[in-house]
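Using this note's numbering, read the sequence shown as starting at 1405 and increasing by one per residue. Just so you know, even glycine gets a beta-carbon here, dropped at the ideal spot from N, CA and C.
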Amino acid sequence: MSLNIHNISPSEVVRGEGSWTRSLESITKLCKRPLILGRSSSTRKLRSSFEKDLLLNGIDAISFELDHDCCELDIQNASIFSKNNNCDGIIAAGGGKVLDAGKLIADLLGINCITVPLSASTCAGWTALSNIYSPDGKFIKDITLKKCPNLLIFDHSIVRTAPSKTLASGIADAVAKWYESSLTSSTSQDGFVQQAVQMARVLRDQLFLNGFQAFKDPLSNSWETVAEGCALTAGIIGGLGGVRCRTAAAHPIHNGLTQLAYKNKPLHGELVGFGLLVQLHLEEKNSNSQLPKQAKTQLIDFLSKLNLPTSIESICLRNASSNELQKACKFACKDHSDIHQLPFSIKEQDLLEAIQSFQSLPTSSDISFK
Ligand SMILES: [Zn+2]
1405 MSLNIHNISP SEVVRGEGSW TRSLESITKL CKRPLILGRS SSTRKLRSSF EKDLLLNGID
1465 AISFELDHDC CELDIQNASI FSKNNNCDGI IAAGGGKVLD AGKLIADLLG INCITVPLSA
1525 STCAGWTALS NIYSPDGKFI KDITLKKCPN LLIFDHSIVR TAPSKTLASG IADAVAKWYE
1585 SSLTSSTSQD GFVQQAVQMA RVLRDQLFLN GFQAFKDPLS NSWETVAEGC ALTAGIIGGL
1645 GGVRCRTAAA HPIHNGLTQL AYKNKPLHGE LVGFGLLVQL HLEEKNSNSQ LPKQAKTQLI
1705 DFLSKLNLPT SIESICLRNA SSNELQKACK FACKDHSDIH QLPFSIKEQD LLEAIQSFQS
1765 LPTSSDISFK
């Protein structure tokens, strides 16, 4: 076997109720002057309470707010701010894009990284990977980091208060692990990759069983299984499978769709979930099996129950003309895109037709008789 180097997991993971308070001692061992990184005004109060808790434990933290998604300009500004203030660690507290930015800044500066996911919308708190976007949210590339965070704090009492749509988005992103990895990696001879793919299947089954209950009731047992599945287990699968446990079409379609303008910008998992439906449609067209069609029907039903988009109209595009959608398809089908990991060849036009098949059916009020 050729040489493999893995970044499977954060050095320490603290999960459950009260994880933040329980982690203060670990934080004192990792840094004395951390930068608390965040973005949204809705989490500002929480981040300033973190700052006070840290101060009571002899840690003199300083705050910085990002202006955009994880973009080069913000990374540069936060890195300069961090250096000017002699920061020796990053505490990234927010959604996936804040976590990605925090991990990348710590990686560039060679300092410790602590991730505190404030929702279960992605597994970004876990992985040694950051996605880079333009200031207006267009996906540019992903960057592999030297290591996973030193400490991941998954405090249930905090994550539970996040809007339910973030959990739904996390569920769509996490179920995609199975549909994508089983297509690209199920024939791998590497035991780690095989195990990662099987773990993705078990996770999908758990999310199918518990997802709706978790979405409806954040105080249920289902919520714990589902939130941790999305934010933690999905990260383990990425860490174990590594670069050879590739995505297929759902993520490249997400990357393409981020190039377009939206009335309300969808969350990462909302576009990945839609991309997954398009992937299953492509599989259906390119195989004689009934399985992709059945999986697509099952998934449309599941995503709909979680209020996730299942049609072009419901992803809130400003302009869903063929020309606009063609732009997304061109990006998704670039050379070296993971979309070419599909077991059949795919061209921009095939993808465009597949996306356009998800027009919602006209309602009776849309139909006018002349
Ligand atoms: Zn994702």
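query = With C-beta atoms as the reference, is Lys1731 less than 8 Å away from Leu1686?
reply = As a working note, residue 1731 is residue 327 in the sequence shown. As a working note, residue 1686 is residue 282 in the sequence shown. Cβ atoms of Lys1731 and Leu1686: not closer than 8 Å.
request  = Report buried or exposed for Arg1722, applying the criterion of at least 16 other Cβ atoms within 10 angstroms of its Cβ.
outcome  = In the sequence shown, the residue the question calls residue 1722 occupies position 318. Counting other Cβ atoms within 10 Å of its Cβ, Arg1722 stays below 16 and is therefore classed as exposed.
query = Among all the DSSP beta bridges, which residues are the ones paired with Gly1498?
reply = Your numbering for residue 1498 matches position 94 in the sequence shown. Partner(s): Pro1521.
request  = Could you work out which residue in Val1601, Ser1693, Asn1727, Ile1557 is closest to Glu1757 when comparing CA atoms only?
outcome  = The count along the sequence shown starts at 1 and reaches residue 1757 at position 353. With distances taken between Cα atoms, Glu1757 lies closest to Asn1727.
query = Can you find a heavy atom of ligand 3 that lies under 7 Å from the Cβ of Asp1559?
reply = Of the ligands this structure carries, namely ligand 1, none is ligand 3.
inquiry  = For Tyr1583 and Ala1654, which I take to be in contact (beta-carbon distance under 8 Å), what is that distance rounded to the nearest angstrom?
reply    = In the sequence shown, the residue the question calls residue 1583 occupies position 179. In the sequence shown, the residue the question calls residue 1654 occupies position 250. With 8 Å as the limit, Tyr1583 and Ala1654 qualify as a contact, their Cβ atoms being about 7 Å apart.
ask   = What do you get for Asp1621, buried or exposed, if any count of 16 or more other CB atoms within 10 angstroms of its CB means buried?
value = Here residue 1621 refers to the residue found at position 217 of the sequence shown. Exposed.
request  = Please say whether Leu1441 and Ile1494 have beta carbons closer to each other than 8 Å?
outcome  = Working through the sequence shown from its first residue, we reach residue 1494 at position 90. Working through the sequence shown from its first residue, we reach residue 1441 at position 37. Less than 8 Å separates the beta-carbon of Ile1494 from that of Leu1441.
key: Residue from Leu1703, Leu1434, Leu1675 whose Cα sits closest to the Cα of Lys1569   = Residue numbering aside, residue 1569 sits at position 165 when the sequence shown is read from its first letter. That would be Leu1675, whose Cα lies nearest to the Cα of Lys1569.
query = Are the CB atoms of His1672 and Ser1741 nearer to each other than 8 Å?
reply = Residue numbering aside, residue 1672 sits at position 268 when the sequence shown is read from its first letter. Residue numbering aside, residue 1741 sits at position 337 when the sequence shown is read from its first letter. Taking 8 Å as the cut-off, the Cβ atoms of His1672 and Ser1741 do not count as close.
task = Taking all protein chains shown into account, decide if Lys1545 is buried (16 or more other Cβ within 10 angstroms of its Cβ) or exposed.
result = By one-based count along the sequence shown, residue 1545 stands at place 141. Classification of Lys1545: exposed, given that the 10 Å Cβ count is below 16.
key: Distance, Glu1688 Cα to Asn1694 Cα   = Taking the sequence shown and counting its residues from 1, one reaches residue 1694 at position 290. Taking the sequence shown and counting its residues from 1, one reaches residue 1688 at position 284. Reading the sequence as shown, one finds Gln at residue 1694 and not Asn. Straight across, the Cα-Cα distance linking Gln1694 with Glu1688 is about 7 Å.
query = If you count every other CB in all the chains shown that lies within 10 Å of the CB of Thr1767, and 16 or more means buried, which is it?
reply = Position 363 of the sequence shown, counted from the start, is the residue given in the question as residue 1767. Note that Thr1767 scores a pLDDT of 48, beneath 50, so its modelled location is shaky and nothing firm can be said.
key: Supposed close pair Ile1515, Ser1534 - CB separation, criterion 8 Å   = Within the sequence shown, numbered from 1, the residue matching residue 1515 stands at position 111. Within the sequence shown, numbered from 1, the residue matching residue 1534 stands at position 130. Going by Cβ atoms, the distance from Ile1515 to Ser1534 rounds to 15 Å, so no, they are not a contact pair.
message = Less than 7 Å between C-beta atoms, sequence neighbours within five positions excluded: which residues of the same chain meet that for Lys1775?
response = Nothing can be reported for residue 1775: it is not among the residues displayed for the chain, which extend from 1405 to 1774.
request  = Starting from Pro1438, trace the alpha helix (DSSP H) both ways and give me its first and last residue.
outcome  = Here residue 1438 refers to the residue found at position 34 of the sequence shown. No alpha helix (DSSP H) holds Pro1438; the beta strand (DSSP E) holding it covers 1438-1442.
message = Considering only the alpha carbon of each residue, which of Leu1477, Ala1576, Ser1764 lies closest to Phe1612?
response = Residue mapping note: residue 1612 aligns to position 208 of the sequence shown, counting from 1. Considering only alpha carbons, the answer is Ala1576.
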